[in-house]
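Right, one structure below, let's go through it.
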Amino acid sequence: MWLKPEEILLKNALKLWVTEKHNEYFVLQRRRGSGEGGGGLTGRLVGTLDAVLDSTSKVAPFRILHHTPDSQVYWSIACGVTKEEIGQHWDWLLQNVMRTLSVFDSSEDITSFVQGKIRGLIAEEGKTSHVLEDDPEKFREAHLRFENWFSLPPEEKLVTYYACTYWKGKVPCQGWLYLSTNFLCFYSYLLGAEVKLVISWDEIWRLEKTSNVILTESVHVVARGEDHYFSMLLHLNETFVIMEQLADYTIKRLFDKEAFEGEGALSDPLHVTKRGLEAHAKSEQFRTFFRLPKEENLLEVHESFLWVPFSHLNTLGKICLSENYLCFASQDGSQCHVIVPMREVVNVEKPDSGSHAVTVSVRGKRALRLTEVRDYRRLATTIRDRCGIGASPQHSASAEVIRGECQSLINHFEDNPEDVTLMVGQRDGGKAVSTEALMTVFHPQDVENLDPKMLKEKMKEQSWNIHFSEYGRGTCMLFTRKTRDLIVRGVPEALRGELWMLFSGAVNDMAARPGYYAELVDQSLGTSTLATEEIERDLHRSLPDHPAFQSDTGISALRRVLTAYAYRNPKIGYCQAMNILTSVLLLYAKEEEAFWLLVAVCERMLPDYFNRRIIGALVDQAVFEDLIRENLPQLVENMTDLSFFSSVSLSWFLTLFISVLPIESAVNVVDCFFYDGIKAILQLGLAVLDYNVDALIGCHDDAEAVTVLNKFFESVTNKDSPLPPTVQQAPVGNNANSAHSNVDISELIRESYEKYGHVRSEEVESSRKRNKLFVIQTLEDTTKQNVIRVVSQEVQLTAGQLDELYNLFKRQHFLSCYWTMKSPALLHHDPSLAYLEQYQLGFQQFSVLFSLLEPWAFCTNGSTLSRWVFRLIDENQDGLVNFKEFSCALDNLYCGSFTKKLKFLFKLHLPPAFTGSPLHLQEQKVPNFFPATDGCPHLSRIPDFDLPEDGVIKKSPERGRGKVDLQAYLKQWQNEILRKEESIKDLPRINQAQFIQFSKTLYNIFHGDAAEESLYRAVARVTGLLLLMEEAGRRLQEAGGPSGAGPRETGAEPPEADWSFSFEQILASLLNEPAVVGFFERRVDVDEKVSRAQAAQLKLTGNSK
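Below you can see the structure in the form of structure tokens.
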């Protein structure tokens, strides 16, 4: 590797280098202790010095120096790991530089020329490099060490590295921590003791910052059941954040194949950088705080003051600019923030150079004045460009153009009135979209009603109207502490839908895609999927006591929204609890608004909640447990197992308390949720437990605790609700018999904010990240145990061996996904499938793993025979093999009897495994598995599939769309139940070509065995005997025929093309050969095979790429 020329004053400092070659201008040196004669005390001391001082020479034991005869100064210009590598650099210098140096007169000119040449070479290399670090030269040296020390595949991308101490037990090891796209690595070398650690991010269970008496601050990593501590980090917080980002990136990429679509910096794992991770994290935080669509990215940040009219003060904060939004948040994040969609900006006034101010005018005759902006001119220009408007003098012309376009639209709709219905999505009467909230239809407010509750409702509306007059209304409204105070007191019924849309960000989603919901309704209605069947089953279970859902109006609206969402997002499709949430949304929002609110909840505010594994809900349960430990110590002291609260509170989180509280009280909780997110639900959960802490401590079992909480929820009322008794769900008139006095929901919410309002959203997000790894790994472990339980009933392998095999199988699946986003295994990984189908291997991955585990040395990686094994065990012939199919095959080869092993080999030479000629598959494409169906009648029954590009037939349709053939599933299950042990008499006969290949396979298996010669002789004897038997049988058949002349006259068909053997004949013949029987019945050390496979898996996978 060429190095940026650096001056070295002492060429033999401390005698650490030995000169190998030299000439007038260059010296090639070897590090003492490396190469021939290396090792010993000198080698250990030099190695320790290199590791501790971060010297490149530890991994590059060769270097080239440049000097001139009349100077004592040397310049390092190249280094190399091997003698061959440094030799290439030396030869290049001799051929391309030495001849030129003779023309120079002075030493300074020679040195300047050499340095320029080397810098030019480095610049050329940099054009094809993806290194974007602050110090590319130092990073290149670190990358060289990383590659040499850990021997990972060359595709692995180093992201960053840090000096640190790793604690091996109680012994500190000073070394270097390397963080790459897929691995956490550590290296240390002290006095001959080498410590090397490689952990893949998908193996990590916990990642957290800790401190104790010995280690003041350290990073704690739990992986493979072991604890690892890293301390003495100069930038511990930065290191931990990068580790957290890489772990999260890997988990999302491996478990959610669509997570980084459109993310340029992270879409390719080969090009991931520290800067890309930081930019992604900032954009994600930006979108979460301002509730923006996932397409938005943080582009610019400016510090500034925002003129706040209600306080007559300038509030210090930051301007955040994305593709379509201008946002501002005060420094503490809670005092004031505002979101301005670029579509709402009507003018950007000429920047004020005196106060470095930019004034942005928005619709509704409002303006925001941003002062003390350092780069104010650039900000003004960027906003204008994003909004598509010119500078202030020309804006009037733009306004005229807009007015002209609007008038043309009006004229169009006057001439074509039928297009108006298309704009609102009313395609026909049967699919009409409701344009009113159900509450206004089934419970219109009586304006003349002056009872106390209605008067209080009017006062709330008046308070909000005052708030709107001061802070604005609609998408550009300023969010302040006063806004939260009004939310806690309760939102008026008439404003609830509008404010939900605003606080959740759904108003921006809907504005960005006009007509989208109507299109989805038109496309999805009438489809028949598993999701639609589940929706139909749950429609009448959604708020069944509410009048709105006792009529076809409410049921039809609910059906349309849920079906449209399942069609939009088939990955989620439909999950229970979505119907309850959507029915409440429909009460207060129009149908299209309810759809976008559901999108905001499922995809932004409660990520990963609504799927089969409900990972998001389980993560928040873990966060809730952490908050209980911090805030309710008296409960923790008396209840050792807090998992009870996770199980009992799951419905609280999934339905936002709607399933446990009366509807008139639950909507107040939903108000807070749309404003503060999951933080509001966590706070309220703590307040509920705090309110019942004494009763819970006195409970003797979980059932009693559940009863306490249920009675409490029954006692919660909303004394200010204007809804009539026919709509309210709270019990009336039986409070005397209740153990609890009535609790007003507004008081409960206010108490939750007063006592637990200190819980910050940033802390919740951090706790989510910390607990997500543990939750996912726990679910993965449960999946593994379920798979092993099913497979163990059909194999002789022990549970421990199956456990290790499953780890290898799953790791092989992940390894195929590490360096690409388009791996077939990743594209077809679906956690919603049955346990056995979640992890599957295509042919390339199977071939690598099978070559590591096969019991005999006959199946090298990518061999023809490995393809036959793959086709044989791929029972449903979809181009993917699951763990059950894989482990059953290995069980046959490891633990099967002589007959079973021979039968397995025999079937390898029958269709569909063997097709008569070797195949050279470049990809695991199903068409290549079956090149011809002649002579293979069962192959002709395979249907013609519409194959995807990777050639893998998907086993099940996507959850949200596509017709599910339930009868096919039932038939498949019936066949599984009725499947009987295959008899050797059921096997077809083997023909001439197949028998010849079978004999070759036996020779290949025996090759290299200690008894190879005797085994070869045995195969020859059996082959000869079988041929003699077949010849004798044919002659008897000919002699016993009706006419001996017939066969002689029709001699066109050679008689050798007709012979074949049955499995019984081959088995009987081989049983007479003790050497062959002994070979196949020889015990296979499964544990040793697995252990060797674990050590070689990563290296072999990298070499096979």
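Numbering (numbering that gives the first Met the number 0), first residue to last: 0 to 1104. Don't be surprised by glycine CBs; every beta carbon is placed ideally from N, CA and C.
DSSP three-state label for K589, please. coil
Just to confirm, is the Cβ distance from L325 to L298 under 7 angstroms? no
Report, in whole angstroms, the separation of the C-beta atoms of V96 and K116, which I expect to be a contact under 8 angstroms. 6 angstroms
As a quick exercise: from Y838, Q1096, F285 and A1092, pick the residue whose alpha carbon is nearest that of V337. F285
On the three-pair Cβ rule with 8 angstroms, is the segment 172-180 touching the segment 240-250? yes
L367 (DSSP reduced to helix, strand or coil): strand
What does DSSP give as the partner residues of L360 in its beta bridges? For the sequence presented, residue 360 should be read as Ser rather than Leu. N346 and A366, per the DSSP bridge assignment.
Close Cβ partners of K455 (< 6 angstroms) along its chain, the five nearest in sequence each way excluded: D719
Comparing alpha-carbon positions, which option in V715, N147, K167 and F885 lies nearest L660? V715
Who are the near neighbours of D508 in its chain, counting only those whose CB is closer than 7 angstroms to its CB and skipping five residues on each side? P292, W595, V598 and A599
Sequence-distant residues of its chain with Cβ nearer than 6 angstroms to W1 (five each side left out): A77, I117, L120 and I121
Across which residues does DSSP place T159 in a beta bridge pair? L178
Taking DSSP as the reference, what is the three-state secondary structure of R1081? coil
Residue span of the beta strand (DSSP E) that contains T209, given as start and end: I203 to T209
Is DSSP giving G79 helix, strand or coil here? strand
So T581 and V560 are in contact, right, with Cβ under 8 angstroms, and what is the actual spacing, rounded? 5 angstroms
List in chain order: all unbroken alpha helix (DSSP H) runs of 4+ residues lying wholly within the segment 472-507. 480-488 and 495-503
Endpoints, alpha helix (DSSP H) assigned at L305: L305 -> not in any alpha helix (DSSP H); beta strand (DSSP E) instead, spanning E299 to V307.
Who are the Cβ neighbours of Q1093 in its own chain at under 7 angstroms, not counting the five residues just before and after it? L807
Check whether the segment 223-241 touches the segment 742-760, counting contact only when three or more Cβ pairs, one atom from each stretch, lie closer than 8 angstroms. no
Could you compute how far the alpha carbon of E591 sits from the alpha carbon of G496? 11 angstroms
Give me the Cα-Cα distance between R377 and A328, rounded to the nearest whole angstrom. 20 angstroms
When you compare each of I995, R1081 and W1058 to D1008 by their alpha carbons, which one comes out closest? R1081
Grab me the residues of C698's own chain with a C-beta within less than 8 angstroms of its C-beta, minus the 5 sequence neighbours each way, in chain order. A704 and V707
Residue interval of the beta strand (DSSP E) (run including I198): A192 to S199
Looking at the structure shown, is V600 part of a helix, part of a strand, or coil, going by DSSP? helix
Beta-carbon proximity list for L747, same chain, < 8 angstroms, skipping 5 on both sides: L683, A686, V687, Y690 and V715
Helix, strand or coil for S527, going by three-state DSSP, please let me know. coil
On the criterion of 16 or more Cβ atoms from any shown chain inside 10 Å, does K169 qualify as buried, or is it exposed? exposed
Own chain, CB closer than 7 angstroms to N891, minus 5 neighbours either side, in chain order: K899, K900 and F903
Out of curiosity, what's the CA-to-CA distance linking R144 and Q991? 56 angstroms
Please report the distance separating the alpha-carbon of W175 from that of S187. 7 angstroms
How long is the line joining the alpha carbons of E624 and N630, rounded to whole angstroms? 10 angstroms
What residue from S468, R30 and P4 has the CA that sits closest to W16's CA? R30
I'd like to confirm the pairing. Which residues does DSSP put opposite C172 in its beta bridges? Y165
Contacts around C475, its chain only, beta-carbon distance under 6 angstroms, and the 5 residues preceding and following it disregarded: V339, E343 and V361
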